[in-house]
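Peer 1:
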Ligand code: AMP
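Numbering (my numbering), first residue to last: 83 to 385.
Right, here's the structure in full:
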């Protein structure tokens, strides 16, 4: 047991200019776990309904993810329906059905409480703190959130931020959360609440990390074929946290490498719908793309 994630497990219906998929496996905890599973032992806490198909459970099992923390409840699984236009950076939510997720009250199984690394995916910030209260002594805690919670539970969200080490959210959410249009000032404001680092995800423009002493900017991989950006943010977080928990050494250098591994995993994820690409990777493919990232930004000593 090394890395714990708590978040949504979903059946997504997604339409992009390149195709569509209905009722396919998705959810923030799912994308995170499959991505992180290439680096470390992952345990997952979430809830599904009676309609959650065995083949989806098998996908998680094939990746050796511990799913004892996934509760099966009476009712239907959480459903999200979204659409993307040619600007794939912006998802338009068409429908959200919380179903069994509505009264999700995560219970952390005893054996997960020792996990050294914790990722609080996008759920009610009150629940995020309840999870932390159940954990023994995690070494590093990261969290995500979204506009839904920023608009409804601002004060609670600020309290969660006080308790986490790294906040990983979309660039637009950074501005909204800080109520500040300038990204640098917005990041400084969020860091003043407690987290040591803030990572702003910028879709096809990559990611930028802020801390008190440094700023690090990473590009996204320039892909020719992007089919479905759903889950890119969670795959990023999974690669990032997965790598850090694997090396088990948190310093500026490992954090920066983790950002590139996060970007690597996100770049694979968008190449197909649902988890179709992410679940079938080889370590060689991941390493090769990591190296490509190095070449992409290298500008010194080219002789
Ligand atoms: P992203 O990485 O931001 O593209 O996350 C996409 C995933 O978030 C989808 O698979 C959805 O099932 C899930 N999702 C969408 N809305 C919510 C929500 N309100 N709460 C939790 N998960 C959500």
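C-beta: ideal position from N, C-alpha, C; glycine also.
(1) Is any non-hydrogen atom of the ligand AMP found closer than 7 angstroms to the C-beta of residue 350, if you look at the structure I gave you?
(2) Where residue 172 and residue 282 are concerned, what is the direct C-alpha to C-alpha distance, given to the nearest angstrom?
(3) On the three-pair Cβ rule with 8 angstroms, is the stretch 325-345 touching the stretch 140-149?
(4) Is the stretch 303-315 close to the stretch 331-338, with three or more CB pairs under 8 angstroms?
(5) List, from N- to C-terminal side, the alpha helix (DSSP H) runs of 4 residues or more that fit wholly inside the stretch 168-220.
(6) Sorted by chain position, which residues of the same chain lie with C-beta nearer than 6 angstroms to residue 182's C-beta, five sequence neighbours on each side aside?
(7) For residue 261, is the classification buried or exposed, using 16 other Cβ atoms within 10 angstroms of its Cβ as the cut-off for buried?
(8) Hey, residue 348 and residue 250: beta-carbon distance below 8 angstroms or not?
(9) Specify the secondary structure class of residue 161 as computed by DSSP and reduced to three states.
(10) With distances taken Cα to Cα, identify the nearest neighbour of residue 209 among 367, 90, 352, 368.
(11) Can you list, in chain order, the residues of its chain with a C-beta nearer than 7 angstroms to that of residue 275? Leave out the 5 residues immediately preceding and following it.
(12) CB of residue 288 to nearest heavy atom of the ligand AMP: below 7 angstroms?
(13) Name the two residues that bound the continuous beta strand (DSSP E) containing residue 224.
(14) Report the residue from 297, 170, 380, 105 whose alpha carbon sits nearest the alpha carbon of residue 338.
(15) For residue 109, collect the residues of the same chain with a Cβ closer than 6 angstroms to its Cβ; drop the 5 residues on either side in sequence, then sort them by chain order.
(16) Under 8 angstroms, do residue 273 and residue 280 count as touching if we go by C-beta distance?
(17) Over the uninterrupted beta strand (DSSP E) stretch that includes residue 94, give me the two end residues.
(18) Can you list, in chain order, the residues of its chain whose CB lies under 8 angstroms from that of residue 167, leaving out five sequence neighbours each side?
(19) Return the chain-ordered list of same chain residues with a C-beta closer than 6 angstroms to the C-beta of residue 354, the five sequence neighbours on each side being excluded.
(20) Give a yes or no on contact between the stretch 113-121 and the stretch 357-375, applying the rule of three or more CB pairs nearer than 8 angstroms.
(21) Pick from 361, 384, 304: whose alpha carbon is nearest that of residue 372?
(22) Please list the terminal residues of the continuous alpha helix (DSSP H) segment that includes residue 337.
(23) Once DSSP output is grouped into helix, strand and coil, what is the label at residue 246?
(24) Please classify residue 229 as buried or exposed, where buried requires at least 16 neighbouring CB atoms within 10 angstroms.
Peer 2: This is what the structure gives:
(1) The residue given as residue 350 occupies position 268 in the chain shown. No, the Cβ of residue 350 stays beyond 7 angstroms of every heavy atom of the ligand AMP.
(2) Position 90 of the chain shown, counted from the first residue, corresponds to residue 172. Position 200 of the chain shown, counted from the first residue, corresponds to residue 282. Here the alpha carbon of residue 172 sits roughly 15 angstroms from the alpha carbon of residue 282.
(3) Contact between the stretch 325-345 and the stretch 140-149 is not established, with fewer than three Cβ pairs separated by less than 8 angstroms.
(4) No: fewer than three Cβ pairs fall under 8 angstroms.
(5) Whole alpha helix (DSSP H) segments, 4+ residues: 207-216.
(6) Working through the chain shown from its first residue, we reach residue 182 at position 100. Once the five neighbours on either side are set aside, the close Cβ partners of residue 182 are 129, 131, 155, 157.
(7) Counted from its first residue, the chain shown places residue 261 at position 179. By the neighbour-count criterion, in which 16 or more other beta carbons inside 10 Å mark a residue as buried, residue 261 falls on the exposed side.
(8) The residue labelled residue 348 in the question sits at position 266 within the chain shown. The residue labelled residue 250 in the question sits at position 168 within the chain shown. Not closer than 8 angstroms, so no.
(9) Taking the chain shown and counting its residues from 1, the one referred to as residue 161 is at position 79. In this structure, residue 161 counts as strand in the three-state DSSP scheme.
(10) By one-based count along the chain shown, residue 209 stands at place 127. Here the closest residue by C-alpha is 90.
(11) Locating residue 275 in the chain shown gives position 193, where the first residue counts as 1. Excluding positions up to five away in sequence, the list reads 240, 243, 244.
(12) Start at 1 with the first residue of the chain shown, and residue 288 comes out as number 206. Answer for residue 288: no, Cβ out of range of the ligand AMP.
(13) Taking the first residue of the chain shown as position 1, residue 224 is located at position 142. Residue range 222-225 is occupied by the beta strand (DSSP E) that includes residue 224.
(14) Numbered from its first residue, the chain shown carries residue 338 at position 256. A check of alpha carbon separations from residue 338 across 297, 170, 380, 105 identifies 297 as the nearest.
(15) Residue numbering aside, residue 109 sits at position 27 when the chain shown is read from its first letter. Setting aside the 5 residues that flank it on each side, residue 109 is surrounded in the same chain by 90, 91, 92, each with a C-beta closer than 6 angstroms to its C-beta; the list follows chain order.
(16) Reading the chain shown from its first residue, position 191 is the one you call residue 273. Reading the chain shown from its first residue, position 198 is the one you call residue 280. In this structure, residue 273 places its C-beta atom within 8 angstroms of the C-beta atom of residue 280.
(17) Position 12 of the chain shown, counted from the start, is the residue given in the question as residue 94. Run containing residue 94: 92-98, per the beta strand (DSSP E) assignment.
(18) Your numbering for residue 167 matches position 85 in the chain shown. Same-chain partners within the cutoff: 99, 174.
(19) The residue labelled residue 354 in the question sits at position 272 within the chain shown. If we look at residue 354 and ignore the five residues flanking it on each side, its Cβ neighbours are 309.
(20) The stretch 113-121 is in contact with the stretch 357-375.
(21) One-based indexing of the chain shown puts residue 372 at position 290. Closest option to residue 372, Cα to Cα, is 304.
(22) Locating residue 337 in the chain shown gives position 255, counting from the first residue. Annotation for residue 337: the continuous alpha helix (DSSP H) segment containing it runs 334-351.
(23) Here residue 246 corresponds to residue number 164 of the chain shown, with the count starting at 1. In this structure, residue 246 counts as coil in the three-state DSSP scheme.
(24) On the chain shown, residue 229 is found 147 positions in, with the first residue counted as 1. Result: exposed.
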